[in-house]
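Here's the structure, in structure tokens; my notes come after.
This is the structure in structure tokens:
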């Protein structure tokens, strides 16, 4: 599924496309509990870059063994491991 956001909407929001994608990724991580690796992929960032963005915004994630395993699987799927 793809969602197209018209340029005039993006301009009205006053954010770049990349910043909007980052903010959507953070929202999905926080509210819908996708993995940070998946959120980073959506935002077009490496996992480290994405986590740095979270830290800049004072956003901390609860991270347990299940989250770690999901991260490993996502990284494996992305062939980063």
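In my numbering, the protein residues as written are 299 to 379. Virtual Cβ for every residue (Gly too), placed ideally from N, Cα, C. Bear in mind that the values here come from a model prediction, so they are computed numbers and not experimental data.
Judged by DSSP secondary structure, residue 334 falls within the alpha helix (DSSP H) whose first and last residues are 334–341. For residue 319, the enclosing alpha helix (DSSP H) starts and ends at 315–330. Residue 304 and residue 339 have their C-alpha atoms spaced approximately 22 Å apart. Assigned with DSSP and collapsed to three states, residue 357 falls in coil, not helix or strand. If you look at residue 301, you'll find it isn't in any alpha helix (DSSP H); DSSP assigns it neither H nor E.
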